[in-house]
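Chemist: Before we start, here is the structure in question, set down as structure tokens.
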Amino acid sequence: MTDGIRFRATTKSDLDACTELLSAAGLPVADVSLERLALIAERDGKACGLIGLESYGPVGLLRSLVIDPSCRNAGLGRRLVSALEQQARSQGIDELWLLTIDADRFFERLGYRREKRDSAPPAIVATGEFSGLCPDDAVLMSKRLAT
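The opening position of the sequence shown corresponds to residue -13 in my numbering, with each subsequent residue numbered one higher.
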């Protein structure tokens, strides 16, 4: 990529950098684990973006999208979401769900739609993010993935 940013799967050695990115953005870190972190974006060996995915059969929970302030406003968030959607499709996920406090307009531009909380699939309702980590006024959104 011309901007020097590359994506790769997160590894155990990334957990501290991921926790720092999430904490700096005010996002939950209580349940950070390798299983919930999907892709990391790096520039010059330094983490500058992150996105997570929890898989539950045909549905998935997109979580923990964070971009370091030094890398914002260059399309990195959009690129990370697109890469995650491709990864989700390859895992057999048909629909992604997410909760957001302040990025609903960003996700709407990417094709996500607002949902009522009582419309979430049981697997999503059972997640820690849905049931406690995100506040009740967080916006629930979903997107059906094209096959």
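Cβ atoms here follow ideal geometry from the backbone N, Cα and C, with glycine treated the same way.
Indicate whether Thr(-4) and Ala16 have their beta-carbon atoms separated by less than 8 Å.
Modeler: Taking 8 Å as the Cβ cut-off, Thr(-4) and Ala16 do not qualify as a contacting pair.
Chemist: If you reduce the DSSP assignment to three classes, tell me which class Arg64 lands in.
Modeler: The answer is helix: DSSP assigns Arg64 an H, G or I state.
Chemist: Quick check: what's the CA-CA separation for Val45 versus Asp88?
Modeler: Answer to the nearest angstrom: the Cα atoms are 23 Å apart.
Chemist: Applying the 10 Å Cβ sphere with the 16-neighbour rule, what's the burial state of Val111?
Modeler: It is exposed - the Cβ of Val111 has fewer than 16 other Cβ atoms within 10 Å.
Chemist: Span of the alpha helix (DSSP H) holding Phe93?
Modeler: It spans Asp90 to Arg95 - the alpha helix (DSSP H) in which Phe93 sits, taken as one unbroken run.
Chemist: Please report the Cβ distance between Arg100 and Val67, rounded to the nearest whole angstrom; I am assuming they are in contact, meaning their Cβ atoms lie under 8 Å.
Modeler: Not really, about 16 Å apart at Cβ, beyond 8 Å.
Chemist: Ordered along the chain, which non-local residues of its own chain (more than five positions away) have a Cβ less than 6 Å from that of Ala132?
Modeler: Excluding residues within five positions, none has a Cβ falling inside 6 Å.
Chemist: Cys57: which of Cys4, Ala33 and Gln72 sits nearest, CA to CA?
Modeler: If we check each option's Cα against that of Cys57, Ala33 comes out closest.
Chemist: Would you tell me roughly how many angstroms separate the C-alpha atoms of Pro107 and Leu62, rounded to the nearest one?
Modeler: The alpha-carbon atoms of Pro107 and Leu62 are separated by roughly 29 Å.
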